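Participant: Read top to bottom, the protein sequences are chains A and B.
If you want my numbering, it's the 1-based position in the first sequence plus 4.
If you want my numbering, it's the 1-based position in the second sequence plus 1203.
The C-beta atom is built at its ideal place from N, Cα and C for all residues, glycine as well.
If you're wondering where the values come from, they're calculated on a predicted model, not measured in any experiment.
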Amino acid sequence: MREIKCDACHHINREGTELCESCGKPLVEKQQAEGKETKKLLNMRYDGSSRRSMTYNKSVVDRVWNFFSSVKVGVTLIVITLIASAVGTILPQQMYIPQNVQPEVHYKDQYGLIGQIYYQLGLHELYSSWWYMILIALIGISIIIASIDRVVPLYRALKNQKPTRHTTFIQRQRLHSKTDDVTDADKHTFISNLKRMRYKVTEDNGHVLAEKGRFSRWGPYVNHVGLIIFLLGALLRFVPFMYIDDFVWVREGETVVVPDTNGEYFIENKDFIIETYGDSEEDTRFKEALENQSGPIAKNFQTNAVIYRNVETVVGAEPQLEKFKEDSILVNHALKFDGFALYQTSYQLNEFKSMSFIIHETNDADETELASFKVDLTNPAEEYQLDNGFRVMIDQYFPDYYIDDGEPRSQTKNPKNPAFVFLVYPPDSSEPEVSFAGIGRNVDASGENQYKVGLQDFEVRDVTGLTVRKDYTLPILGLGGIIFMIGVIQGMYWQHRRVWIHPKNNGLWLAAHTNKNWFGIKKDIEKAIMKTNINMVVDQEQEEQELQKQQEQNK
Amino acid sequence: MGDLITLSGNFLYLAFILYLIATFFFAGTIRDKKTEGTSTFSSKVAISLTILGFISQTGYFITRWMASGHAPVSNLFEFTTFFGMMLVFSFIIIYFIYRLNILGLFALPIALLIIAYASMFPKEISPLVPSLKSHWLYIHVTTVSLGEAILAVSFAAGLIYLIKEIDQTVRSKRTTWLEIVIYSILATLGFIIISTTFNALNYNATFEFPFEGDISSVDYQLPPLAGPNEGTLLTTERMNPLFEVPSWMQGVNAARKFNTLLWSLITGLGLYIIARAVLRKRIAAAIQPLLKKTKSDLLDEVSYRAVAIGFPVFTLGGLIFAMIWAQEAWNRYWGWDPKEVWALITWFFYAAFLHLRLSRGWHGERSAWLAVIGFAIIMFNLIAVNLIIAGLHSYA
Ligand code: HEM
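1) Do we get a CB-CB distance below 8 Å when we pair residue 125(A) with the residues of chain B?
2) When the Cβ atoms of the stretch 1302-1310 of chain B are set against those of the stretch 266-282 of chain A, are three or more pairs found closer than 8 Å?
3) Looking at chain A, is there any beta carbon in it that lies within less than 8 Å of the beta carbon of residue 1233(B)?
4) Between the C-alpha atoms of residue 126(A) and residue 400(A), what's the straight-line distance to the nearest angstrom?
5) When DSSP labels each residue in this structure, what does residue 1274(B) get in the three-state scheme?
6) How would you call residue 141(A), buried or exposed, if buried means at least 16 neighbouring beta carbons within 10 angstroms?
7) Please list the partners that residue 1555(B) has in chain A, where partner means a Cβ-to-Cβ separation under 8 Å.
8) Going by DSSP in three states, residue 4(A) sits in which element: helix, strand or coil?
9) By a C-beta neighbour count over all protein chains shown, 10 Å radius and 16 as the cutoff for buried, is residue 1508(B) buried or exposed?
10) Leaving out five residues before and five after residue 534(A) in sequence, what residues of the same chain have Cβ atoms less than 6 Å from its Cβ?
11) Nearest by alpha-carbon distance to residue 510(A): which of 263(A), 186(A), 490(A), 7(A) is it?
12) Do the stretch 1464-1473 of chain B and the stretch 1382-1393 of chain B meet, that is, are 3 or more Cβ pairs less than 8 Å apart?
13) Taking only beta carbons into account, state which residues of the stretch 1556-1571 of chain B come closer than 8 Å to chain A, listed in chain order.
14) Just to make sure I have the definition right: I need the residues of chain B whose C-beta is within less than 7 Å of the C-beta of residue 304(A). Which are they?
15) At 7 Å on the CB atoms, spell out the chain A contacts of residue 1544(B), in chain order.
16) Report back the beta-carbon spacing between residue 1318(B) and residue 1284(B) to the nearest angstrom; my notes put them in contact at under 8 Å.
17) Per DSSP, which residues does residue 1565(B) bridge with? Please list them.
18) Would you mind listing the alpha helix (DSSP H) stretches within the stretch 9-86 of chain A that are 4+ residues and don't spill past its ends, in chain order?
19) Hey, does residue 137(A) have any beta-carbon neighbour from chain B nearer than 8 Å?
20) If we cut at 8 Å on Cβ distances, does residue 1518(B) have a partner in chain A?
21) Could you tell me which chain B residues have their CB closer than 9 Å to the CB of residue 55(A), listed as they occur along the chain?
22) Can you name the start and end residues of the alpha helix (DSSP H) that residue 1504(B) belongs to?
23) Check distances from the C-beta atoms of the stretch 1299-1322 of chain B to those of chain A and list, in chain order, the residues that come in under 7 Å.
24) Secondary structure at residue 1458(B), three-state DSSP: helix, strand or coil?
25) If we cut at 8 Å on Cβ distances, does residue 1551(B) have a partner in chain A?
26) What residue does the beta strand (DSSP E) around residue 321(A) start on, and which one ends it?
27) Which same chain residues end up closer than 7 Å to residue 1335(B) when comparing Cβ atoms and leaving out the 5 residues on each side of it in sequence?
28) Would residue 1483(B) be called buried (16 or more neighbouring beta carbons within 10 Å of its own) or exposed?
29) Determine the extent of the beta strand (DSSP E) in which residue 446(A) is found, giving its start and end residues.
30) Using a threshold of 8 Å, state whether the C-beta atoms of residue 1270(B) and residue 1208(B) are closer than that.
31) In chain order, what residues of the same chain have a beta carbon less than 8 Å from the beta carbon of residue 376(A), not counting five sequence neighbours either side?
32) Checking the sheet assignment: what are the DSSP bridge partners for residue 306(A)?
33) Spell out a yes or no on whether the stretch 481-493 of chain A and the stretch 150-160 of chain A are touching, meaning 3 or more CB-CB pairs, one atom from each, closer than 8 Å.
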């Protein structure tokens, strides 16, 4: 490694250093601020410490490193991602179109040619596309490399904060002034004023450095660490163990096992409640809004639930349930236990629970009951022994009856529209009569039945639909978020301000630097030199700009 | 209950008037001999009126909360009004850091426009659907508006910078873009004027049109330039639409909204042409001389500072709190719905802004343009995404 010796203070600096790390004297010819035309001012970025990306560019590793450490590249990546994200909102993403349609048909039908192109380019699933993921990943890499590239020189620069600085360094700061005669009393007032403003003052042989808000310089690195943790957290979603997403229907009065808990937890639905606005006294305040709506507005969906724990340890044995937790589940109020969360996401009102039938003679207009039976629709018995010697067997059961091409079928397993084919054995007969019965249906297939099965009554109950979630990535995301916020606030609401006092004969030279908010540091100095004869610092950058403007106008 | 609503409405009205008068006093500071940053009679009256207006608007907020039983940030009227209130609040904060009077002359009219715009939406108090019933909703909505309002102050300062700094002696791309920015502000004013006018006339035209296999109907409050696709006019003695919107415009109200947009743009254009005819020069060129004594670097500083303060607040409200609420309400912290995506876009944009400024030295004019673009993105998210791209968040 090539080293650079400072000719003023003989300090040995690392290769790539621009300002001597000890006294601040420029070590290279062209040492000026990026993007600024001024020749006069020093580039104070990282106080001129050596940055890897600015020093090496030979090997492939160097090149890759330099590429990703460039803010230009980083910002370009951000802007590309930004534009891509916007494109994804032009038409709805696939997850927001109706569930029961074919996407390729839907996009074409609804949006014509644009929709077709959108679909064909895969923009309907943009946010989970490989190239969108890669963009995010590249931003992540860029953040890491750019941060490491700069945090090293920043550390070196901030570690070496010496009061004594070379005159060139002092003169070529953006804020600078010279005062020929300054009394000790004035200098003392100045310094103690700075101290009162919470500047930390270090002195060395009359040279003074007053500094405040140094910690704010770490802000960007802290926030970038937060971002990286957040990204990693989001990535962990793809690890199976970290994330469970399931769903369960629970009928009122039923207790079922909670999926993905290995049979350890059970949930009972005690009651499902649905409320709409307009029922209660206090809803009168919304009268006007409710009248302007065509349908009712939902007020509350709620499941009163009990969680049980299975304490039976023998595998395969009947579970032994112990009450574990009782709570209601509402939208915006999940039930949480042992890393799981149950969310109120769906419901089904008035599902049939049981049906009662009677048997009467077919040609009895009064339908006098000869026998009756009740079928539990979730768990129907196969055979029913009845009064007067009747016997009924269930031949077929369609919980959710419909006709498909003339054939009776069940659409789902849930008793939404139950229907049965019964075999009715009259007293002392071994020849059954076949009877079909359902809601509003009563069909005698043969047309010769002596007895008829009639629906007499039914019971209904509600079913709640709960999403079952377990997400171990949430704490990581939370941590990332908190660290990000701390870093941003640290870097944004505070600034690193430095004031150097350089004794010169009977007077002193003043220089000041801040990483941002020059207005603030000028105000500080103005306040600190009040009632002294020390000259206010001049903003040399502004001065130069105004000079340039004048020259242009004179042309 | 009804009394509280009336009281609340009066507070809002009073606030509006106070902001309006304050604007004139801020205008008065232009003629003050003293340099910017010092307080004069005019400026003291102006900021005092602004604060009184803010207190009155806070009164509106509290009484409406009492009347409805929930924080009034749950429909477009309430949310937009609140955004206007936060804009005034942010202005007051920035004012006390920098005492820049000219900022009031720009920030207050923007707040006035926003509040007037809000009052074009239905104002009745509305019940909350279950997913909105969460403390996180209030926390999320209030912080996100505060963040966006602070960023809007950055826009105001950036706009002043551009009007002051852009060379108006020759016509250029920059002068044109600046006029476009001013025109969009006028189009908002146009929307308010045209809606109020036809509201006063009780204009109504009803259309029937096929929608998702059914027949739907829609009421126009403005004469139909653009009618619904395959719609028929039911109301008699009303003009027939000049054309029908294309069939891909989704939603029951899509055609009506598009019609309103057209009217706003046309009225805005009318206002712009009148202004040009009266001033006989570009509007920005006419304003420029008024800004003579304002220091450009101070404007630049204010514009940047507002972003530096607003960005963390926006991140907290628009992303972090939003994610917590989404996790509570929909059991997913992020769902890529358009409103969320546009919040992310806003965040990316201001992150790029900060990087360009800190690491690539984008100060002055470039930074001011970025502040303008950022505000355009925010407004797009507030208005266009709600009106055009419907998502889970669309209140109206
Ligand atoms: C969306 C992603 C990003 C966010 C939200 C973000 C956020 C921030 C913030 C808030 C700052 C402080 C700016 C200021 O103080 O004015 C910062 C600084 C910085 N960021 Fe990022 N950043 C992101 C991505 C990146 C990327 C991709 C790079 C890669 C080049 C990068 C490199 C830097 C650098 C070099 C600094 C300046 C550090 C310094 O001068 O001390 N950032 N970032």
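Facilitator: Working from what's here:
1) In the first sequence, residue 125(A) corresponds to position 121, counting from 1. No, no contact with chain B.
2) no
3) By 1-based counting over the second sequence, the position of residue 1233(B) is 30. No, residue 1233(B) lies away from the interface with chain A (no Cβ there is under 8 Å from its Cβ).
4) Sequence index remark: in the first sequence, residue 126(A) carries index 122 (1-based). Sequence index remark: in the first sequence, residue 400(A) carries index 396 (1-based). Spanning the two alpha carbons is a distance of roughly 47 Å.
5) Residue 1274(B) sits at position 71 when you count from the first residue of the second sequence. In the structure shown, residue 1274(B) sits in coil (DSSP, three-state: anything other than H, G, I, E or B).
6) Translated into positions along the first sequence, residue 141(A) becomes position 137. Exposed, because fewer than 16 other Cβ atoms sit within 10 Å of the Cβ of residue 141(A).
7) On the second sequence, residue 1555(B) is found 352 positions in, with the first residue counted as 1. Those within 8 Å of residue 1555(B) in chain A are 79, 82, 83, 86.
8) What the structure shows of chain A is the stretch from 5 to 559, and residue 4(A) is not part of that stretch, so it cannot be assessed.
9) In the second sequence, the residue the question calls residue 1508(B) occupies position 305. The residue in question, residue 1508(B), is buried, as its Cβ has 16 or more Cβ neighbours within 10 Å.
10) Taking the first sequence and counting its residues from 1, the one referred to as residue 534(A) is at position 530. The answer is none, since no qualifying residue turns up.
11) Counting from 1 along the first sequence, the entry for residue 510(A) is found at position 506. When only C-alpha atoms are compared, the closest one is 186(A).
12) yes
13) 1558, 1559, 1561, 1562, 1563, 1564, 1565
14) Taking the first sequence and counting its residues from 1, the one referred to as residue 304(A) is at position 300. The contacting residues are 1333.
15) Position 341 of the second sequence, counted from the start, is the residue given in the question as residue 1544(B). Within chain A, the residues near residue 1544(B) are 89, 92, 93.
16) The residue given as residue 1318(B) occupies position 115 in the second sequence. The residue given as residue 1284(B) occupies position 81 in the second sequence. Yes, they are in contact, since the Cβ atoms of residue 1318(B) and residue 1284(B) sit about 6 Å apart, within 8 Å.
17) For this step, residue 1565(B) is matched to residue 362 along the second sequence. Paired residue(s): none; residue 1565(B) is not in a bridge.
18) 56-59, 64-73
19) Looking up residue 137(A) in the first sequence gives position 133. No, its Cβ sits nowhere closer than 8 Å to a Cβ of chain B.
20) Within the second sequence, residue 1518(B) is the residue found at index 315, counting from 1. Yes - at least one Cβ of chain A is within 8 Å of the one on residue 1518(B).
21) Taking the first residue of the first sequence as position 1, residue 55(A) is located at position 51. In chain order: nothing, as chain B lies at least about 12 Å away.
22) Locating residue 1504(B) in the second sequence gives position 301, where the first residue counts as 1. Start and end: 1499-1517.
23) none
24) The count along the second sequence starts at 1 and reaches residue 1458(B) at position 255. It is helical.
25) On the second sequence, residue 1551(B) is found 348 positions in, with the first residue counted as 1. Closer than 8 Å to some Cβ of chain A, the Cβ of residue 1551(B) qualifies, so yes.
26) Position 317 of the first sequence, counting from 1, holds the residue named residue 321(A). No beta strand (DSSP E) holds residue 321(A); DSSP gives it neither H nor E.
27) Looking up residue 1335(B) in the second sequence gives position 132. If we look at residue 1335(B) and ignore the five residues flanking it on each side, its Cβ neighbours are 1277.
28) For the purposes of this step, residue 1483(B) is identified with residue 280 of the second sequence, where counting begins at 1. Its Cβ having fewer than 16 others within 10 Å, residue 1483(B) is exposed.
29) As a first step, residue 446(A) is located in the first sequence; it is residue number 442 there, counting from the start. Unbroken beta strand (DSSP E) run through residue 446(A): 445-448.
30) Working through the second sequence from its first residue, we reach residue 1270(B) at position 67. Working through the second sequence from its first residue, we reach residue 1208(B) at position 5. For residue 1270(B) and residue 1208(B), yes; Cβs fall inside 8 Å.
31) Residue 376(A) sits at position 372 when you count from the first residue of the first sequence. So the list reads 360, 361, 362, 363, 390, 391, 460, once near-sequence residues are dropped.
32) In the first sequence, the residue the question calls residue 306(A) occupies position 302. Paired residues: 277(A), 334(A).
33) no
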